[in-house]
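Residue numbers (the UniProt record's numbering): 1 to 302.
Backbone N, C-alpha and C fix where the C-beta goes; we use that ideal spot for every residue, glycine too.
Computed from a prediction, not measured in an experiment: that's the story for all the values here.
So the structure is just underneath, and the comments pick up after that.
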């Protein structure tokens, strides 16, 4: 861990990172107690396990989570080394403290704030996504299943992303042991939990990378000069001309590569259609764009 100087401590980057971290952790904790625990949902993580334990044995969420988080951090540090950093510890502590305050003094008994279970699930997914997205944006994690996945990744050939999905998926299945009001297997708990995970993932992407308003376009055309002129002149965007060889014809072809907004892309497509109706156009989502004209590399926190 790098030494934090006074200048860095007072810098805008440091302040922004910890603002995201603390707010995200508080939102996560509040969302868990208000929207997840009352409906016995477990969308992954140690808080999902804590919800099931609360349902089965009446244990407080904060106490159960504390009992799981602390050993995980210690074991993770021993096995993986000090990879978690101060931010992850701060996130875990903030969430634990907020959960304890919520369930002890503000909303004891975990009452249902939203009566409709599907609406509650959607709201939970949105707020979970915002919270975890803010934590990720601060370059930290909320601990829990992330640590488990990192430990397993060291001893298996599976990727970290797949292991996180496996761990969270097993935790979701853990909800099946919870009894429903009719005494049947609680499939609805698992289904609602999976919906939360899906919504949460979409919102995390939006928070971390921003709403996806940009497209990457690659155009193969003999009229590449006209297309580049349109991009540079009218759309005020940059473009790169690449040289390739057609696999079928064996002829040298030019390809124009550029990134632009959806509106700009529609304007460009009309121009391409007018100058070369036979052009090959490939459009893909631009999830994160760093460089001149977009977000600078200097904005990325080290």
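Beta carbon of residue i, beta carbon of residue j: below 9 Å?
| i | j | result |
| --- | --- | --- |
| residue 41 | residue 124 | yes |
| residue 26 | residue 94 | yes |
| residue 310 | residue 43 | Residue 310 lies beyond the residue range present for the chain, which begins at 1 and ends at 302; the question has no answer from this structure. |
| residue 167 | residue 138 | no |
| residue 207 | residue 129 | yes |
| residue 281 | residue 254 | no |
| residue 31 | residue 131 | yes |
| residue 148 | residue 103 | no |
| residue 199 | residue 142 | no |
| residue 150 | residue 24 | no |
| residue 48 | residue 174 | yes |
| residue 258 | residue 243 | no |
| residue 46 | residue 21 | no |
| residue 79 | residue 154 | yes |
| residue 213 | residue 256 | no |
| residue 85 | residue 50 | no |
| residue 245 | residue 236 | no |
| residue 101 | residue 18 | no |
Report buried or exposed for residue i, applying the criterion of at least 16 other Cβ atoms within 10 angstroms of its Cβ.
| i | result |
| --- | --- |
| residue 303 | Nothing can be reported for residue 303, as the shown portion of the chain is limited to 1 through 302. |
| residue 265 | buried |
| residue 172 | buried |
| residue 118 | exposed |
| residue 127 | buried |
| residue 303 | One cannot answer for residue 303 here, as it falls past the ends of the chain, which runs 1 to 302. |
| residue 270 | exposed |
| residue 112 | exposed |
| residue 33 | buried |
| residue 156 | exposed |
| residue 96 | buried |
| residue 202 | exposed |
| residue 28 | buried |
| residue 16 | exposed |
| residue 12 | exposed |
| residue 87 | buried |
| residue 158 | exposed |
| residue 186 | buried |
| residue 77 | exposed |
| residue 192 | buried |
| residue 56 | exposed |
| residue 39 | buried |
| residue 3 | Confidence at residue 3 is low in this model, with a pLDDT of 48, below 50, so its placement is unreliable and no value can be given for it. |
| residue 1 | In this prediction, residue 1 has a pLDDT of 44, which is less than 50 and means its spatial position is unreliable; what the coordinates show is noted afterwards. Looking at its Cβ environment, which holds fewer than 16 other Cβ atoms inside 10 Å, residue 1 is exposed. |
For residue i, which residues does DSSP report across the bridge?
| i | result |
| --- | --- |
| residue 57 | None; residue 57 has no bridge partner. |
| residue 217 | 258 and 283 |
| residue 311 | Any answer about residue 311 is impossible in this case: the structure gives the chain only from 1 up to 302. |
For residue i, decide whether its Cβ has a neighbour in chain C, counting only Cβ atoms nearer than 9 Å.
| i | result |
| --- | --- |
| residue 120 | The chain labelled as chain C is not found in the depicted structure, where only one protein chain is given. |
Can you find at least 3 beta carbon pairs, one from the segment 154 to 170 and one from the segment 66 to 74, that sit closer than 8 Å? No, they do not touch.
The segment 93 to 112 / the segment 167 to 179 touching (three or more Cβ pairs under 8 Å): With contact defined as three or more Cβ pairs closer than 8 Å, the segment 93 to 112 and the segment 167 to 179 are not in contact.
Which complete alpha helix (DSSP H) runs does the segment 156 to 206 hold, if anything under 4 residues is left out? With a minimum length of 4 residues, the continuous alpha helix (DSSP H) runs that stay inside the segment 156 to 206 are 160 to 173.
Would you call the segment 225 to 234 and the segment 266 to 277 in contact, with 3 or more CB pairs under 8 Å? With a cut-off of 8 Å, the segment 266 to 277 and the segment 225 to 234 count as touching, because enough Cβ pairs lie within range.
Give, in chain order, every unbroken run of the alpha helix (DSSP H) that is at least 4 residues long and sits entirely within the segment 107 to 144. Taking 4 residues as the minimum length, the alpha helix (DSSP H) runs contained wholly in the segment 107 to 144 are 117 to 137, in order along the chain.
Could you pull out every unbroken alpha helix (DSSP H) segment of at least 4 residues lying fully inside the segment 218 to 255, listed in chain order? Inside the segment 218 to 255, DSSP marks whole alpha helix (DSSP H) runs of 4 or more residues at positions 224 to 233, from first to last along the chain.
Could you pull out every unbroken alpha helix (DSSP H) segment of at least 4 residues lying fully inside the segment 65 to 108, listed in chain order? At a cut-off of 4 residues, the continuous stretches assigned as alpha helix (DSSP H) that sit fully inside the segment 65 to 108 are 85 to 101.
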